[in-house]
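Q:
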Amino acid sequence: MWSNPAADYSRQLGREPINNGLFRAIVSSGGYAQMSMLRDPGVVEATVAWQLDTMKSLNIGRVAWPENFGESPLLPSETTVEVEGRRLSPDLLRFWSYVAALDVHLGQPPRRVLEIGSGYGGFARVMRLHHPGCRFVLLDLQPSLTVAGHFLAHAFPEALIVHATSLSDPSAKDADFVLVAAEHAGDITGESFDLAVNFWSLGEMTRAHVAGYFDLIQARNSVRSLFTVNHVFAPLDTTAHNLPALLDTGGWLSRFDRDWQISFFGIDPLLHDCPVIRHTHMGAAVMAQRQVADLEARRAASEIATQVHREDFVTLAAASPAGDLATSQTVDLHAALQRRGAVVIGPETAFDARRYGDTLQLWRDDSRRGADSAFFRLWNDVRINGSPLSRRLLCLWLASRWRAPIRGGEGPAMLDTVLTEQYEFGAGHDGRWRSDPLLTLPFHVSRNLEAASTLL
Ligand SMILES: C[S@@+](CC[C@H](N)C(=O)[O-])C[C@H]1O[C@@H](n2cnc3c(N)ncnc32)[C@H](O)[C@@H]1O
22 MWSNPAADYS RQLGREPINN GLFRAIVSSG GYAQMSMLRD PGVVEATVAW
72 QLDTMKSLNI GRVAWPENFG ESPLLPSETT VEVEGRRLSP DLLRFWSYVA
122 ALDVHLGQPP RRVLEIGSGY GGFARVMRLH HPGCRFVLLD LQPSLTVAGH
172 FLAHAFPEAL IVHATSLSDP SAKDADFVLV AAEHAGDITG ESFDLAVNFW
222 SLGEMTRAHV AGYFDLIQAR NSVRSLFTVN HVFAPLDTTA HNLPALLDTG
272 GWLSRFDRDW QISFFGIDPL LHDCPVIRHT HMGAAVMAQR QVADLEARRA
322 ASEIATQVHR EDFVTLAAAS PAGDLATSQT VDLHAALQRR GAVVIGPETA
372 FDARRYGDTL QLWRDDSRRG ADSAFFRLWN DVRINGSPLS RRLLCLWLAS
422 RWRAPIRGGE GPAMLDTVLT EQYEFGAGHD GRWRSDPLLT LPFHVSRNLE
472 AASTLL
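Taking this note's numbering, the leading residue of the sequence shown gets 22, the next gets one more, and so forth.
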């Protein structure tokens, strides 16, 4: 999904060498700025005020700011606000929330960090301000690396910043920041990293790229900890001209193998649940430490999932008219969706959660968003034990989770909104569902999770 911005940035960078004005123009276009996209001063001020307040109530309020903490003067001034003599911005505080969460969960500062999809370098800057000994390998598309190289050189004039095609380049050995273009990611092998991070980027890549990066992290190199925050909930417009490409993105959550111990899980985590910012995708955060899953870990994952297996929605589903939880998809909906209109919808194509929802007339929204959520417990059981029951229940739970927006829908005649794993549980389209996502959602999630189980 980054081919368009990357091509734009490439064109701009091809016209003149990177400088502060060009840096600002590129960052101002909004592609990198998760929370500073709207540069209305009122929005910026209200967001920062909410973030500062929220940080006090989270663990992250305990971690003290570095003395020189503040937004870089390179960032457009309209994305910042001055608070008690410091220039702050929503994205700066977002990066700080990641850094502070890492402090809480890692125990000690990482010495070598791999960041995939590092954007303009905002996180790397904040992390190094906090842990000056921390060295980075940044892996991104070339235009983004050019932008990040400029930004980091301005932030750390003393630092050694190297653009390399391989980490075995002699110049890369002692560098503080090694910038490697994505097309050379396959050459990163046999390396050790204390930490790998990825923010708001894996969720936008093709499934093949996502698979490649997970192979890099889980198989080809030694990565002790992993922290990522990415899209899980977003609407998808099936009338989009690039629908096939959109359907081929995401899938990151299904890629975690069983040998991670998850120390933090959250939907709309940390500072992301900001009420001021509505115009953004919903994300999930996973912080994990590499550790071979022993029998005890497998048993524990199964046990916490079993509690969900006993929840009332499972009993209700089993008792519903179409109550076969094991119902399999007989139609290739993925292919059918691309031929819009060709899908025959009926109880035989999917579990008909709507029917018993209508009968019951109520769904309590599941407000649990952390490791105690049904989402986490079922996902974790699928990840560690490959449990088919948890996989089916996860699909079902997701469908029920989004019951409320579906209620206003026009019925199942048109599949105008579909969900892939990235776009799996979207908030609707034009403010409402115009289709029956109950059919497509279980299919897509199931497909991805099934693919993941074959990796076990
Ligand atoms: C929305 S920006 C997020 C930037 C930053 N991580 C943040 O949280 O602000 C997405 C980033 O992913 C990068 N990206 C897109 N496709 C990529 C790929 N195949 N490999 C590596 N990076 C990629 C883009 O160049 C961009 O820097």
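Ideal placement from N, C-alpha and C gives every residue a C-beta, glycine not left out.
Predicted model, so just to flag it, every value in this text is computed and none were measured.
1. Look at the alpha carbon of Arg36 and the alpha carbon of Ser98, and state the distance between them as a whole number of angstroms.
2. Below 7 Å, is the gap between the Cβ of Glu92 and the nearest heavy atom of ligand 1?
3. Can you give me the start and stop residues for the beta strand (DSSP E) that Glu136 sits inside?
4. Is the Cβ-Cβ distance between Gly63 and Pro26 less than 8 Å?
5. Taking only three categories from DSSP, how would you classify Thr186?
6. Do you know how far the Cα of Leu127 is from the Cα of Thr3?
7. At what residues does the beta strand (DSSP E) containing Glu103 begin and finish?
8. In whole angstroms, what separates the C-alpha of Ser16 from that of Arg404?
9. Asp161 lies in the beta strand (DSSP E); which residues open and close that run?
10. List, from N- to C-terminal side, the alpha helix (DSSP H) runs of 4 residues or more that fit wholly inside the segment 278 to 331.
11. Only counting the same chain, and skipping five residues up and downstream in sequence, which positions put a Cβ closer than 7 Å to that of Glu111?
12. Closest to Asp333 by CA distance: which of Arg299, Leu414 and Asn242 is it?
13. Where does the unbroken beta strand (DSSP E) through Asn406 begin, and where does it stop?
14. Does the distance between the C-beta of Gln33 and the nearest non-hydrogen atom of ligand 1 fall short of 7 Å?
15. Sorted by chain position, which residues of the same chain lie with C-beta nearer than 8 Å to Ala297's C-beta, five sequence neighbours on each side aside?
16. Start and end of the beta strand (DSSP E) containing Asn25?
17. DSSP three-state call for Arg108: helix, strand or coil?
18. Based on DSSP bridge pairs, tell me the residues matched to Thr249.
19. Determine whether the beta carbon atoms of Gly287 and Ala305 lie at a separation below 8 Å.
20. Alpha carbons only, please: which of Val218, Leu216, Asp215 and Phe177 is nearest the one belonging to Phe198?
21. Looking at C-beta atoms only, is the number of pairs between the segment 132 to 146 and the segment 212 to 226 that lie closer than 8 Å three or more?
22. Answer yes or no: do His230 and His302 have a C-beta to C-beta separation smaller than 8 Å?
23. Using only alpha-carbon positions, find the residue among Thr100, Phe116 and Asp29 that is nearest to Leu292.
24. Helix, strand or coil for Ser478? Go by DSSP, reduced to three states.
25. So, helix, strand or coil for Leu200, using DSSP?
26. From the DSSP output, which residues share a beta bridge with Ser213?
27. Under 8 Å between the Cβ atoms of Ser323 and Asp402?
28. Among Leu188, Ser222, Val168 and Leu162, whose alpha-carbon lies nearest the alpha-carbon of Ala202?
29. CA-CA distance, Leu200 and Leu160?
30. Report whether the distance from the Cβ of His230 to the nearest heavy atom of ligand 1 is below 7 Å.
31. Checking the sheet assignment: what are the DSSP bridge partners for Thr270?
32. If you count every other CB in all the chains shown that lies within 10 Å of the CB of Val313, and 16 or more means buried, which is it?
33. Okay, do the segment 141 to 158 and the segment 99 to 107 touch, 3+ Cβ pairs below 8 Å being the bar?
34. Looking at Phe90 and Tyr141, is the spacing between their C-beta atoms short of 8 Å?
35. Are the beta-carbon atoms of Ala193 and Ala180 separated by less than 8 Å?
36. With H, G and I counted as helix, E and B as strand and the rest as coil, what does DSSP make of Asn17?
A: Reading from the atomic positions:
1. 24 Å
2. no
3. Arg133 to Ile137
4. no
5. coil
6. Since the first residue of the chain shown is 22 and the last is 477, residue 3 is not available in this structure.
7. Val102 to Val104
8. Coverage of the chain is limited to positions 22 through 477, which leaves residue 16 absent and any answer about it impossible.
9. Arg156 to Asp161
10. 316 to 330
11. Note on identity: in this sequence residue 111 is Pro, with Glu being the wrong assignment. Excluding positions up to five away in sequence, the list reads Met56, Ser57, Val65, Thr68, Val69 and Gln72.
12. Leu414
13. Careful: Asn406 lies outside any beta strand (DSSP E), inside the alpha helix (DSSP H) at Ala395 to Asn406.
14. no
15. The sequence given here places Val at residue 297; Ala does not occur at that position. Excluding sequence neighbours, Val297 sits near Val64, Ala67, Thr68 and Trp71.
16. Looking at the DSSP string, Asn25 is not in any beta strand (DSSP E); the run it does join, the alpha helix (DSSP H), is Ser24 to Arg36.
17. strand
18. Asn219 and Val307
19. yes
20. Phe177
21. yes
22. no
23. Phe116
24. As shown, the chain starts at 22 and ends at 477. That puts residue 478 outside it, with no answer to give.
25. strand
26. Ser243
27. yes
28. Leu162
29. 6 Å
30. yes
31. Thr227
32. exposed
33. no
34. no
35. no
36. With the chain covering 22 to 477 only, the question about residue 17 has no answer from this structure.
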